[in-house]
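Okay, so here's the structure we're looking at.
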Amino acid sequence: MIKHLLSAADLDAEHATLVLDTAAELANLSSREVKKLPTLRGRTVVNLFYEDSTRTRISFEAAAKRLSADVINFSAKGSSVSKGESLKDTALTLQAMGADAVVVRHPASGAPHRLAQWVDGSVVNAGDGTHEHPTQALLDAYTMRSRLGRLAGLHVAIVGDVLHSRVARSNVLLLTTLGAKVTVVGPPTLIPVDVGPALSPDLRVSYDLDAVLPEVDVVMMLRVQRERMNDSYFPSTREYARRYGLDVARMRRLPEHAIVMHPGPMVRGMEITPEVADSARSTIVEQVTNGVSVRMAVLYLLLGGK
Amino acid sequence: MSSTYLVKGVSVLGAEPTDLLIRDGIVASVGGARDAQVIDAAGLVALPGLVDLHTHLREPGREDAETVETGSRAAALGGYTAVCAMANTSPVADTAGVVEQVWRLGREAGLVDVQPIGAVTVGLAGERLAELGAMADSAAKVRIFSDDGHCVSDARLMRRALEYVKAFDGVIAQHAEEPRLTEGAQMHEGEVSARLGLTGWPAVAEEAIIARDALLAGHVGARLHVCHVSTAGSVDVIRQAKAAGVRVTAEVTPHHLLLTDERATSYDPVFKVNPPLRTQADVAALRAGLAEGLIDIVATDHAPHAVEDKECEWAYARPGMLGLETALSIVLDVLGPQWDLIADRMSRAPARIAGLSEHGHTPAPGAPATFTLVDPAARWEVDPTGSASRSRNTPYAGMTLPGRIVATFLRGEPTVLDGKATK
Numbered sequence: 001m002i003k004h005l006l007s008a009a010d011l012d013a014e015h016a017t018l019v020l021d022t023a024a025e026l027a028n029l030s031s032r033e034v035k036k037l038p039t040l041r042g043r044t045v046v047n048l049f050y051e052d053s054t055r056t057r058i059s060f061e062a063a064a065k066r067l068s069a070d071v072i073n074f075s076a077k078g079s080s081v082s083k084g085e086s087l088k089d090t091a092l093t094l095q096a097m098g099a100d101a102v103v104v105r106h107p108a109s110g111a112p113h114r115l116a117q118w119v120d121g122s123v124v125n126a127g128d129g130t131h132e133h134p135t136q137a138l139l140d141a142y143t144m145r146s147r148l149g150r151l152a153g154l155h156v157a158i159v160g161d162v163l164h165s166r167v168a169r170s171n172v173l174l175l176t177t178l179g180a181k182v183t184v185v186g187p188p189t190l191i192p193v194d195v196g197p198a199l200s201p202d203l204r205v206s207y208d209l210d211a212v213l214p215e216v217d218v219v220m221m222l223r224v225q226r227e228r229m230n231d232s233y234f235p236s237t238r239e240y241a242r243r244y245g246l247d248v249a250r251m252r253r254l255p256e257h258a259i260v261m262h263p264g265p266m267v268r269g270m271e272i273t274p275e276v277a278d279s280a281r282s283t284i285v286e287q288v289t290n291g292v293s294v295r296m297a298v299l300y301l302l303l304g305g306k
Numbered sequence: 001m002s003s004t005y006l007v008k009g010v011s012v013l014g015a016e017p018t019d020l021l022i023r024d025g026i027v028a029s030v031g032g033a034r035d036a037q038v039i040d041a042a043g044l045v046a047l048p049g050l051v052d053l054h055t056h057l058r059e060p061g062r063e064d065a066e067t068v069e070t071g072s073r074a075a076a077l078g079g080y081t082a083v084c085a086m087a088n089t090s091p092v093a094d095t096a097g098v099v100e101q102v103w104r105l106g107r108e109a110g111l112v113d114v115q116p117i118g119a120v121t122v123g124l125a126g127e128r129l130a131e132l133g134a135m136a137d138s139a140a141k142v143r144i145f146s147d148d149g150h151c152v153s154d155a156r157l158m159r160r161a162l163e164y165v166k167a168f169d170g171v172i173a174q175h176a177e178e179p180r181l182t183e184g185a186q187m188h189e190g191e192v193s194a195r196l197g198l199t200g201w202p203a204v205a206e207e208a209i210i211a212r213d214a215l216l217a218g219h220v221g222a223r224l225h226v227c228h229v230s231t232a233g234s235v236d237v238i239r240q241a242k243a244a245g246v247r248v249t250a251e252v253t254p255h256h257l258l259l260t261d262e263r264a265t266s267y268d269p270v271f272k273v274n275p276p277l278r279t280q281a282d283v284a285a286l287r288a289g290l291a292e293g294l295i296d297i298v299a300t301d302h303a304p305h306a307v308e309d310k311e312c313e314w315a316y317a318r319p320g321m322l323g324l325e326t327a328l329s330i331v332l333d334v335l336g337p338q339w340d341l342i343a344d345r346m347s348r349a350p351a352r353i354a355g356l357s358e359h360g361h362t363p364a365p366g367a368p369a370t371f372t373l374v375d376p377a378a379r380w381e382v383d384p385t386g387s388a389s390r391s392r393n394t395p396y397a398g399m400t401l402p403g404r405i406v407a408t409f410l411r412g413e414p415t416v417l418d419g420k421a422t423k
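In order, the protein sequences belong to chains A and B.
With full-length UniProt numbering applied, the first sequence corresponds to residues 1 to 306, in that order.
With full-length UniProt numbering applied, the second sequence corresponds to residues 1 to 423, in that order.
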């Protein structure tokens, strides 16, 4: 197994499948009365969060605790970081405390890569800037596989602010590794220049959501921040919702079996309407549940479970 | 007081070996050199002392990163005899007082001629002209003006600056970057930035400003110098401007001749620089442009930074890399041993643009003894801790480069001997 999980590209098809299979085994655990395994007893997992992200932090915390690891939560607010401590000094501090794994969320792209150069333990990227969020991609793949039975050959549309989305990058990389076909959809201003050659030669780009919907098995809606319109990425939230938002009428264009995903947090009324988010096609709550199993699998495998 | 040196068996610009007698600050004719100190220069190549049109010496203000003295020493060790010190110090070199201070510090260090560059606008703020005439008339005799680090993006202000400095044969050296297109930019916009999730710095932000400035310079009949050209498109724009008769000169840095944006994949900010490292196609176009003379010179954009400004997240790091001690080796690597071409691009042409009449002369009888001796056969590994600069941010750490400076002379006095600074 690899030492760090910094990018979804760190996983080849074999390792990615191993993570998903392990997550499936561990998922059985959560239906048991005692939801705990002794696997990581005596190991220390640090959650190092430079950004507020309650849902991701709690998910990692629950995952580590169910594997009996000692968990230290280190949030940048009110800590030495707010007093001006550098990432490197923080890394050396964690190192001195004997952290076996550091789960890091950071507003700067590449911060986990820097961290991995300074600590001996495993580093797990829990979202870095506008770069990647590999465990989100793993839980999304897990959710697709459990709902649709397979990943190879699926057609997945990722819709919205691809430019600023770490979820989109990780998903494109992981899904193409696992044999799915991916189309990114959004206004041209929110699709990175050269995104195809950058992420996958097979990646497709479309600016027309209505044309794509009938062909897909999965539609993944990305959060679109309202402030983006101030930078002229699109004229107004209303126009964005009209052209790229998923409402009931658009949902009807999907094939019968297709599912609707969203990594959260949602902006209801912007990229997705409440009726769609709460519909039977929506996997949004399931994604959260699956997140814990997938993160358990990642920690288990990185910390030498195998 | 001044010593006499006999440089024996040296190849001037790659020609047949000859002897050079150095006396009273000039190259004298050989003969009657009984008291001369002999320098065995067999196998060495003599070049006119290199001239850097773009150096950040950080003094005043960031003496923890570099001083005029440490930067001068790094320059001499790199074969330079003159450097032009950029204005983005703290305080900014936008008054006669600051440029004279830098000029005086250069004289005191005595390792290279330090020619201050003056800011175009007060505080580099891009709002109103600094007292360009006062800087020109000062002891520092400033002729190059630049807001480097910032673009003079206001078209009217740029036009006025280009026009105004005609009165004293000045030149505006533009950092070509349309700021609205590069807000938050971290690296070249393209495939790699899309993969790394770093905000892109599109090539067009540079090319659009160069095109605009070339048209303005043509319109008012002024001289324009373009700093650190980094894209293939810029080379094309400059080609058109020169064909149209605009008085434009351009520089390229060693790092843009060698490195590409793929280096950012490590997220190590030692590779963060402004303008950013570009693609292989850009590198190829810059090399061709330099060989052809569309790009007139190589300038280092030597930009020392303290450790804490580089040992951090990419987005929080300051842009810039060291260059003085490695420039000649990189150019030698890129152009090969075309000594006359190297002498032109690294000494004659920059001396001409900067108006440094004592520099850029091939060492031959009657010329100022301001030259450097290179061992073209030597190969050396770049060790950041071995740098004379106060900073360590070289992007070439661990690389093995060709060509080593053995000695440098400034007006007949050695500033470097046996590869070591004399003071």
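Glycine is no exception: its CB is placed at the ideal position from the N, C-alpha and C atoms.
Being a predicted model, the structure only gives us computed values, none of them experimental.
(message) Under 7 Å, Cβ to Cβ, is there at least one residue of chain B near S80/A?
(response) As a first step, residue 80/A must be located in the first sequence, where it is residue number 80. Output row for S80/A: interface = no.
(request) Return the chain-ordered list of same chain residues with a C-beta closer than 7 Å to the C-beta of E262/B, the five sequence neighbours on each side being excluded. (result) Your numbering for residue 262/B matches position 262 in the second sequence. Same-chain partners within the cutoff: V192.
(request) Decide if V185/A is buried, meaning its Cβ has at least 16 other Cβ atoms within 10 Å, or exposed. (result) Here residue 185/A refers to the residue found at position 185 when the first sequence is read from its first residue. That one is buried.
(request) Per DSSP, which residues does Y5/B bridge with? Please list them. (result) Residue 5/B sits at position 5 when you count from the first residue of the second sequence. Answer is I22/B and Q37/B.
(message) According to DSSP, G118/B sits in a beta bridge with which residue or residues?
(response) Start at 1 with the first residue of the second sequence, and residue 118/B comes out as number 118. Note: G118/B sits in a beta bridge opposite F145/B.
(request) Under 8 Å Cβ to Cβ from G221/B, same chain only, skipping five residues before and after it: list those, please. (result) Looking up residue 221/B in the second sequence gives position 221. So the list reads K166 and R247, once near-sequence residues are dropped.
(request) Using a Cβ-Cβ cut-off of less than 9 Å, list which residues of the segment 303 to 321 of chain B approach chain A; keep chain order. (result) E308, E311, C312, E313, W314, A315 and Y316
(message) Based on DSSP bridge pairs, tell me the residues matched to P368/B.
(response) On the second sequence, residue 368/B is found 368 positions in, with the first residue counted as 1. In the DSSP output, where bridge partners are listed per residue, P368/B has I26/B.
(message) Check for me: the alpha helix (DSSP H) holding E275/A runs from which residue to which?
(response) The residue labelled residue 275/A in the question sits at position 275 within the first sequence. Start and end: P274 to A277.
(request) Below 8 Å CB to CB, which residues in the same chain sit around A397/B once its five sequence neighbours on both sides are set aside? (result) Residue numbering aside, residue 397/B sits at position 397 when the second sequence is read from its first letter. For A397/B, where only same-chain residues beyond five positions count, the Cβ hits under 8 Å are V270, V382, D383 and P384.
(request) Give the straight-line distance between the Cα atoms of P134/A and T177/A, rounded to the nearest whole angstrom. (result) Residue numbering aside, residue 134/A sits at position 134 when the first sequence is read from its first letter. Residue numbering aside, residue 177/A sits at position 177 when the first sequence is read from its first letter. The alpha-carbon atoms of P134/A and T177/A are separated by roughly 13 Å.
(message) At 3 residues or longer, what runs of the beta strand (DSSP E) sit wholly inside the segment 60 to 137 of chain B?
(response) 80 to 85 and 113 to 116
(request) Kindly provide the ranges of any alpha helix (DSSP H) runs that are 4 or more residues long and lie completely inside the segment 36 to 89 of chain A, ordered along the chain. (result) 54 to 66
(message) At the 7 Å Cβ level, is R392/B part of the contact set with chain A, yes or no?
(response) Here residue 392/B is taken as the residue at index 392 of the second sequence, counted from 1. No, because no Cβ of chain A sits closer than 7 Å to the Cβ of R392/B.
(request) Using a Cβ cut-off of 7 Å (strictly closer), state whether K306/A contacts chain B. (result) In the first sequence, residue 306/A corresponds to position 306, counting from 1. Any reading at K306/A must be qualified, since the residue scores a pLDDT of 45, below 50, and its modelled position is unreliable; the value itself is stated next. Cβ-Cβ to chain B under 7 Å: no for K306/A.
(message) I want to see whether chain B comes within less than 7 Å of R145/A, judged by CB atoms only; does it?
(response) Residue 145/A sits at position 145 when you count from the first residue of the first sequence. Not an interface residue.
(request) With DSSP collapsed to three states, give me the class of G14/B. (result) Residue 14/B sits at position 14 when you count from the first residue of the second sequence. G14/B falls in the coil class under three-state DSSP.
(message) Under 7 Å, Cβ to Cβ, is there at least one residue of chain B near T39/A?
(response) Along the first sequence, read from residue 1 onward, the residue named residue 39/A stands at position 39. No, its Cβ sits nowhere closer than 7 Å to a Cβ of chain B.
(request) Please list the partners that D194/A has in chain B, where partner means a Cβ-to-Cβ separation under 7 Å. (result) Here residue 194/A refers to the residue found at position 194 when the first sequence is read from its first residue. Ordered by position in chain B, the residues that pass the 7 Å Cβ test against D194/A are G190, E191 and A194.
(message) Comparing C-alpha positions only, which one of A198/A, T183/A and M229/A sits nearest to D210/A?
(response) Here residue 210/A corresponds to residue number 210 of the first sequence, with the count starting at 1. D210/A has its Cα closest to that of T183/A, out of A198/A, T183/A and M229/A.
(message) With DSSP as the reference, identify every bridge partner of H133/A, one or two as the case may be.
(response) Against the first sequence, residue 133/A aligns to sequence position 133. The partner list for H133/A (beta bridge, DSSP) is empty, contrary to what the question assumes.
(request) For chain A, find out if any of its Cβ atoms is closer than 7 Å to the Cβ of G233/B; answer yes or no. (result) Residue mapping note: residue 233/B aligns to position 233 of the second sequence, counting from 1. Output row for G233/B: interface = no.
(request) Please compile the residues from chain A whose C-beta is within a distance smaller than 9 Å of the C-beta of L259/B. (result) Locating residue 259/B in the second sequence gives position 259, where the first residue counts as 1. Those do not exist, as L259/B stays about 18 Å from chain A at its closest Cβ, beyond 9 Å.
(request) State the Cα-Cα distance for the pair F371/B and Y267/B, rounded to the nearest angstrom. (result) Sequence index remark: in the second sequence, residue 371/B carries index 371 (1-based). Sequence index remark: in the second sequence, residue 267/B carries index 267 (1-based). Answer to the nearest angstrom: the Cα atoms are 39 Å apart.
(message) Would you call the segment 208 to 218 of chain B in contact with the segment 182 to 198 of chain B, where contact means no fewer than 3 C-beta pairs closer than 8 Å?
(response) no
(request) List the residues that DSSP assigns as beta-bridge partners of S206/A. (result) In the first sequence, counting from the first residue as 1, residue 206/A sits at position 206. Beta-bridge pairing links S206/A to V185/A.
(request) Under 7 Å Cβ to Cβ from P319/B, same chain only, skipping five residues before and after it: list those, please. (result) In the second sequence, counting from the first residue as 1, residue 319/B sits at position 319. The answer, listed in chain order, is K272, V273 and N274.
(request) Starting from the C-beta of A41/B, find all residues in its chain whose C-beta is less than 7 Å away, skip the five residues before and the five after it, and write them out in chain order. (result) Here residue 41/B refers to the residue found at position 41 of the second sequence. Excluding sequence neighbours, A41/B sits near V7, K8, G9, V10 and L373.
(request) Drop a sphere of 10 angstroms on the beta-carbon of S138/B, count the other beta-carbons inside from all chains shown, and report buried for 16 or more, exposed for fewer. (result) As a first step, residue 138/B is located in the second sequence; it is residue number 138 there, counting from the start. By the 10 Å Cβ count, S138/B comes out buried.
(message) Please state whether the Cβ-Cβ distance between A306/B and A65/B is less than 7 Å.
(response) Residue mapping note: residue 306/B aligns to position 306 of the second sequence, counting from 1. Residue mapping note: residue 65/B aligns to position 65 of the second sequence, counting from 1. The answer is yes: Cβ separation under 7 Å.
(request) Classify Q225/A as helix, strand or coil using the three-state DSSP reduction. (result) Taking the first residue of the first sequence as position 1, residue 225/A is located at position 225. Reduced to three states, the DSSP call for Q225/A is coil.
(message) Please return the same chain residues whose Cβ sits closer than 6 Å to the Cβ of I2/A, not counting the five positions on each side in sequence.
(response) On the first sequence, residue 2/A is found 2 positions in, with the first residue counted as 1. Closer than 6 Å at the Cβ level, and outside the excluded window around I2/A, lie D10.
(request) Report, in whole angstroms, the separation of the C-beta atoms of V112/B and L356/B, which I expect to be a contact under 8 Å. (result) The residue you call residue 112/B lines up with position 112 of the second sequence. The residue you call residue 356/B lines up with position 356 of the second sequence. Wrong, their Cβ atoms sit about 11 Å apart, outside the cutoff.
(message) Mapping the DSSP letters down to three states, classify K306/A as helix, strand or coil.
(response) Position 306 of the first sequence, counted from the start, is the residue given in the question as residue 306/A. Residue placement at K306/A cannot be trusted, given a pLDDT of 45 that sits under 50; what the coordinates show is reported in the next sentence. K306/A: coil per DSSP, three-state reduction.
(request) Indicate whether E237/B and A250/B have their beta-carbon atoms separated by less than 7 Å. (result) Here residue 237/B is taken as the residue at index 237 of the second sequence, counted from 1. Here residue 250/B is taken as the residue at index 250 of the second sequence, counted from 1. Per the sequence shown, the amino acid found at residue 237/B is Val instead of Glu. Not a contact, by the Cβ cut-off of 7 Å.
(request) Using a Cβ cut-off of 7 Å (strictly closer), state whether G197/B contacts chain A. (result) Start at 1 with the first residue of the second sequence, and residue 197/B comes out as number 197. It does: the Cβ of G197/B has a partner Cβ on chain A nearer than 7 Å.
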